[in-house]
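Read through the structure below, which is laid out as structure tokens, and then see the notes.
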Amino acid sequence: MKNFQDLTFAQKSAKISVLLLCGIGVLTGIKVVQARDVTVRVNRWLSLQQLKGQVTYWQNTVSRPARSGDRLQVVGDGASTGKKSSAVLQIDLGIGQVNLSENTRVNVRQLEATSNGGRVTRLNVTTGRVQVQVRPFTNPESQLEIETPAGVAGVRGTEFGVNVQQNGKMSIATGAGSVESSAQGKSVFVNAGFQNFTIPGEPPSDPVPLRNDTTLKYEFVKSFKNGVRRLRLDGQVDAVNTVLVNDIEQNTDRNGKFRVELDAISFPQVRVTVLTPLGLRRDYALAFQ
């Protein structure tokens with residue numbers, strides 16, 4: 055093989071051209087790889103704090119009673135609260151926290167960082183109530199989303215609450231900032247001082263002024279069946295609220311109405327609890343003759 059010095063001018067020119075093309079191809083390949091590198095591996099977590107009552111922590115299929123400081127770090131890690139129980143999920147770097155009310159189940163869907171330093175946090179809440187407090191994000195790539203059976207609540211820095219009923223109905227109330235409520239290909243912004251709800255299979259409802267109202271309207275309807283006196287409770291609350299009757303959660307429709315069949319002999323008094331997405335609670339003791 056000839057040395058470079060022994061080549062003719064034409065041969066030298068051809069060889070230089072090939073080397074330049076190869077160099078451009080390598081540089082182009084590097085550029086494409088970098089463009090696709092959207093997320094990077096970093097040590098991210100949510101830490102369980104302020105445990106009260108029955109709180110369970112799980113990884114994959116293994117669960118145990120939660121301990122203060124337990125971390126949710128990978129997809130699938132989660133926590134749940136029992137009756138009259140609560141916990142707080144502190145988000146790493148102190149950007150905010152997610153308060154878990156009683157009978158709430160949450161797990162990690164995504165916990166990553168972007169190549170530009172953004173923080174992406176997606177949590178799945180299948181049932182229960184959470185109140186979120188997050189400081190405004192300084193990085194435009196940062197995201198925090200709450201996924202539910204009905205839709206997604208996405209924020210960039212705010213204070214808001216989400217109620218998720220057993221039938222999947224999602225309700226949002228925003229105290230500060232703005233929340234994007236998305237479902238069925240439609241999104242609406244629930245800004246500070248507004249609320250809305252989403253029923254599974256439907257787009258989000260239009261936001262209305264925030265009420266944070268625990269008022270209960272009700273009536274008892276008596277009947278007899280097979281010689282036994284029966285009692286039915288027909289009630290109505292604000293459409294975004296959660297209702298418990300004798301500690302059992304009830305589903306409400308788009309107008310906040312619910313109906314419960316009761317045994318008049320077994321229940322001389324009915325206990326009803328009304329909970330707003332922002333955490334306001336009111337207990338009722340309904341007596342009937």
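For the sequence shown, the tail end lands on 343 under the numbering used here, and the numbers increase by one without skipping. Glycine included, C-beta positions come from ideal geometry on N, C-alpha and C. Remember, it's a predicted structure, so these values are computed and weren't measured experimentally.
DSSP places Asp307 outside any beta strand (DSSP E), giving it a letter other than H or E. Counting the other CB atoms within 10 Å of its CB gives Gln304 a total of 16 or more, which places it among the buried residues.
Contact annotation: the stretch 262 to 270 touches the stretch 284 to 296, with at least three C-beta pairs closer than 8 Å. Boundaries of the beta strand (DSSP E) around Val174: Arg173 to Val188. DSSP, reduced to helix, strand and coil, places Asp146 within a helical segment of the structure shown.
Ranked by how close their Cα comes to the Cα of Ala237, the residues Glu256, Gly231 and Glu213 have Glu256 in first place. Nearest to Ile145 by alpha-carbon distance, out of Thr115, Glu315, Thr135 and Asp124, is Asp124. Residue range Ser232 to Ala237 is occupied by the beta strand (DSSP E) that includes Glu234. By the CB criterion at 7 Å, Ile226 and Asn245 fall outside the cutoff. For Leu105, the uninterrupted beta strand (DSSP E) segment begins and ends at Leu100 to Lys106. Looking at the backbone, the Cα of Asn161 and that of Arg283 are separated by about 44 Å. Glu234 sits close to Gly208, with the two beta carbons spaced by under 7 Å.
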